[in-house]
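See below for the structure under consideration.
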Amino acid sequence: MSSESSYQRIYRVVQRIPRGRVATYGQVAGLAGLPGHARQVGYALHATPDDLDLPWHRVINARGEISRRHDAEFENIQAQLLDAEGVEPGASGRIDLKRFQWQPRR
DNA sequence: TTTATGGCTGTCA
DNA sequence: ATGACAGCCATAA
Numbered sequence: 797m798s799s800e801s802s803y804q805r806i807y808r809v810v811q812r813i814p815r816g817r818v819a820t821y822g823q824v825a826g827l828a829g830l831p832g833h834a835r836q837v838g839y840a841l842h843a844t845p846d847d848l849d850l851p852w853h854r855v856i857n858a859r860g861e862i863s864r865r866h867d868a869e870f871e872n873i874q875a876q877l878l879d880a881e882g883v884e885p886g887a888s889g890r891i892d893l894k895r896f897q898w899q900p901r902r
């Protein structure tokens with residue numbers, strides 16, 4: 797396990813996210829053992845092989861919203877997936893992190 | 001090798 | 001609430 801890449805840790809954390817819950821990049825980074833590398837988490841997700849069922853759509857930014865990607869359609873897909881899991885944005889169009897943010901135990 | 005950018009975050013105005 | 005600044009480090013050129 798010591799030779800596992802940071803990506804592997806990130807993937808593992810993301811796969812750990814339960815359905816109907818979301819996590820922020822910084823949170824995933826911290827859980828993956830990479831505190832402060834929130835950005836890299838985003839890159840790791842972008843480089844995620846589709847071989848893994850990585851629920852990247854459950855990972856959002858600290859604002860509780862979907863980050864602006866180069867493809868606006870993907871943003872829509874992510875929003876739909878979250879909505880399908882019961883995660884709906886508030887009146888401001890943002891997800892209530894206080895309510896939907898994944899709270900891992902220990 | 002260096003430089004620039006980026007699916008971010010947190011703080012300050 | 002929004003906007004600007006700085007810091008972290010991997011990937012691309």
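In this note's numbering, the protein residues as written are 797 to 902.
Every residue gets a Cβ at the ideal spot worked out from N, C-alpha and C, and that includes glycine.
query, result
"Using three-state DSSP, classify V809 as helix, strand or coil.", "helix"
"So, at 6 Å on beta carbons, what are the nonlocal neighbours of L893 in its own chain, with the 5 sequence-adjacent residues on each side left out?", "G860"
"Taking 7 Å as the limit between beta carbons, can you name the residues of its chain near S799, skipping five residues before and five after?", "Note on S799: pLDDT 46, under 50, position unreliable in the model; no value is reported."
"At the level of alpha carbons, what is the spacing between A858 and T820?", "5 Å"
"Please determine, among G838, L830, L827, the residue with the shortest C-alpha to C-alpha distance to R865.", "G838"
"Do you know whose CA, among V818, V883, H853, lies nearest E871's CA?", "H853"
"Considering only residues of the same chain and omitting the five flanking positions on each side of Q874, which have a CB-CB separation below 6 Å?", "H853, I862"
"Name the two residues that bound the continuous alpha helix (DSSP H) containing V818.", "That residue, V818, is in no alpha helix (DSSP H); it is neither H nor E in DSSP."
"Per DSSP, what kind of secondary structure is S798 in: helix, strand or coil?", "In this predicted model, S798 has a pLDDT of only 46, less than 50, meaning its place in the structure is not dependable; the value taken from the coordinates is given anyway. Looking at S798 - three-state DSSP - the assignment turns out to be coil, as it is neither helix nor strand."
"Could you check the C-alpha separation between S802 and G882 for me, to the nearest Å?", "30 Å"
"Consult DSSP for Q899 and reduce its assignment to one of helix, strand or coil.", "coil"
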